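J.:
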Amino acid sequence: MKVTKDKVESSQAFLTVELETAEMEHGMEHGYEHLVTKANIPGFRKGKAPRAVVERQLGKGRLLEEAIDHLVPEYYEKACKEQGIEPYAQPQVEITQADPLIFKAIIPLPPTVELGEYQSIRLTPEQVDIKEENIDAVIEQLRHQHATWEPVDRPLALKDLAVIDINGMVDERPYVKKAAAQYQVLEEVITPAPGFAGQIVGMNKEEEKEFTLIYPADYPGKEVAGKEAQFKVKLHEIKEEKLPELTDDFPCQISAELKTIAALREEVAKNLKLRAEEQARMDFEEKVIMAAIEKAKIEYPAVLVDMEINRIINEQARQLQMSGKGMDEYLHSINKTPEQLGEDLRPVAIKNVTASLLLGKVSEVEKLEVAETDIDKRIDGMIMGVDEAKKVDMRKLFDNPQTRESIRQSIMARKTIERLAEIAKNTGKSGEQKKEDVK
Amino acid sequence: MHLYEVLRRPLITEKSTALQAQNKYAFETADGANKPMIKQAVEKAFKVTVTGVNVVTMRGKTRHVGRRQIQTNPWKKAIVTLKPGDKIEFFEGV
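Structure representation (structure tokens):
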């Protein structure tokens, strides 16, 4: 065996391994032994045919294939040992010559992380403040949600709710046919056709109208895009949105506990603030991590990114499955091939990989640990909403080494991010205090 | 019968490969062939010296064709012993 180390680059080692004839022969012998037990050769029981017969019957190529399958892993391992390489993941092997065997292996090496001066990162979290108009907007939304629709006697206007019969024809064939449909008259709605709302505005109760609309070429409904449609519409009823008055009665409709407008405003402000703070915290943590990545020197083999891409795609596929859609359908709807989707995900995957490598290193340097009790607590949290009777079963479901390990990892990541954030904010002074903050 | 019609095909089985160690080779032969004919035929075809010929008539087997039982044809097997040192290359690496 001859091993040449071509180069080491971006956490990948490139090896070329050449085998000698005797080693080849050994492999061939092994290949024969493997094949003969399965090969069906007339005149011989399985495993009893001599090598010459097997070679003649199945061809030398098959034997060689079998030999290579056996030789590559064996000599790959030997070559790694000889070169003192510790592979981090499965290598990419390319066979350049079959007999005697020469193969090239690209071996991913463990990623290296040099943290750099992450202690010196100083960032200030953004201050959250909730403006009055934000609260007003939310309250306005609430009013719309609790609005009542009341019939009125006047020509149809935008934003009204119309009860109408629609009869639409495309190419002499019926396309839409609805009786007594509730239709909110909004300019931007493109069903049943763009401009439909504009046509029916101004109609009176019990009025009938016929008109023609042309679908634009880029209309989402493929079968009618670019075509002309005739509509017959009969208006039955016009309803107007009646917003609830902003009196102290209004909050009661939303929640019995809210007695006054002031209380409602306060509640809305509280919720908004919580959400904004959460958002700000996430943004801040994101920034801190990015800053730490900037300072650190992280090298990792490319396969890690590919693995991450696969993981994300699998995750998406699983979610799609749950919503009852297949991955193929989804890809079709966004008009992409799986490869394109993978490429789109690449930047995200790179970020995930670097971030997780960085966090792993930080937690190591900072000597962070996850207590078993924390894991127990998390499991308790997960099974909180379950019936008492099922609790034991559920606990069994979660309380196993694998799940505990994944919970440990997620808590660890959380802790590390928080530690980084603290350092950046420059709050935690002593080790003791830090720990308490984390909790 | 022409000499070329005597040997039908070489017989390559577990048993016959084992016999090769004793310098014996097996053939399926024509039904009408006899020992001298087989000897001549092997010597001519493979350029070797034959020191002995053993002949066996192999019984036909009972086979089913649908619901019917039929008998496959019996055939003749010849085991030829060669002069020490001679070899039939044809069998090598078969």
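First to last, the sequence lines map onto chains A and B. Per the numbering used here, residue 31 is the first one in the first sequence, and the count goes up by one each step. Per the numbering used here, residue 40 is the first one in the second sequence, and the count goes up by one each step. No residue lacks a Cβ here, since even glycine has one placed at the ideal position from N, Cα and C. Treat the numbers as computed from the prediction; the structure is a model and nothing was measured.
1) Return the Cβ separation of residue 267 of chain A and residue 181 of chain A in integer angstroms, given the expectation that the two are a contact with Cβ distance under 8 Å.
2) Among all the DSSP beta bridges, which residues are the ones paired with residue 96 of chain B?
3) In three-state DSSP terms, what is residue 32 of chain A?
4) Quick one: does residue 51 of chain B have its CB under 8 Å from some CB of chain A?
5) Quick check on the DSSP output: what are the complete beta strand (DSSP E) runs of length 3 or more inside the segment 324 to 371 of chain A, in order along the chain?
6) Between A/44, A/265, A/245, A/262, which lies nearest to residue 256 of chain A when the distance is taken from Cα to Cα?
7) Give the straight-line distance between the Cα atoms of residue 463 of chain A and residue 449 of chain A, rounded to the nearest whole angstrom.
8) When we look at the beta-carbon of residue 290 of chain A and count the other beta-carbons within 10 Å, is it buried (16 or more) or exposed?
9) Quick check on residue 355 of chain A: buried or exposed, where buried means 16 or more other Cβ atoms within 10 Å of its Cβ?
10) At a CB-CB cut-off below 7 Å, which residues of chain B make contact with residue 75 of chain A?
11) How many whole angstroms separate the CB atoms of residue 190 of chain A and residue 275 of chain A, which I take to be in contact at a CB cut-off of 8 Å?
12) Would the segment 360 to 368 of chain A and the segment 319 to 338 of chain A be scored as touching if the rule is three or more Cβ pairs under 8 Å?
13) Residue 102 of chain A and residue 84 of chain A look like a contact to me (Cβ under 8 Å); what is the Cβ gap, rounded to whole Å?
14) Looking at residue 41 of chain A: is its Cβ nearer than 8 Å to the Cβ of residue 121 of chain A?
15) Does residue 111 of chain B have its Cβ less than 8 Å from a Cβ in chain A?
16) Could you give the C-beta distance for residue 193 of chain A and residue 210 of chain A, rounded to a whole number, given that I count them as a contact under 8 Å?
17) In the DSSP assignment, the alpha helix (DSSP H) including residue 176 of chain A goes from what residue to what residue?
18) Can at least three beta-carbon pairs, one atom from the segment 300 to 307 of chain A and one from the segment 147 to 161 of chain A, be found at a separation below 8 Å?
19) Suppose the cutoff is 6 Å on Cβ atoms and the five residues either side in sequence are ignored; what does the same chain contact list for residue 109 of chain A look like?
20) Which complete alpha helix (DSSP H) runs does the segment 65 to 99 of chain A hold, if anything under 4 residues is left out?
21) For residue 75 of chain B, which of helix, strand or coil comes out of DSSP?
22) Once the 5 residues before and after residue 284 of chain A are set aside, which same chain residues still bring their CB inside 8 Å of it?
23) Could you have a look at residue 231 of chain A and say whether DSSP puts it in helix, strand or coil?
24) In terms of alpha-carbon separation, which member of B/53, B/61, B/112 lies closest to residue 122 of chain B?
25) Could one say the Cβ of residue 68 of chain B lies closer than 8 Å to chain A's Cβ atoms, at least one of them?
26) Which word fits residue 387 of chain A, buried or exposed, when buried means at least 16 other C-beta atoms lie within 10 angstroms of its C-beta?
27) Once DSSP output is grouped into helix, strand and coil, what is the label at residue 379 of chain A?
T.: Per the coordinate set shown:
1) 6 Å
2) B/115
3) strand
4) yes
5) 327 to 329
6) A/245
7) Low local confidence applies: a pLDDT of 40 at residue 463 of chain A is under 50, so the model's placement there is unreliable, with the coordinate-based value given in what follows. Residue 463 of chain A and residue 449 of chain A: Cα-Cα distance of roughly 11 Å.
8) exposed
9) exposed
10) 53
11) In fact, because the Cβ distance is near 20 Å, the residues do not count as touching under 8 Å.
12) no
13) About 21 Å; that fails the 8 Å criterion.
14) no
15) no
16) 6 Å
17) No alpha helix (DSSP H) contains residue 176 of chain A, which DSSP labels as neither H nor E.
18) yes
19) 33, 45, 47
20) 81 to 88
21) helix
22) 172, 176, 294
23) coil
24) B/61
25) no
26) buried
27) helix
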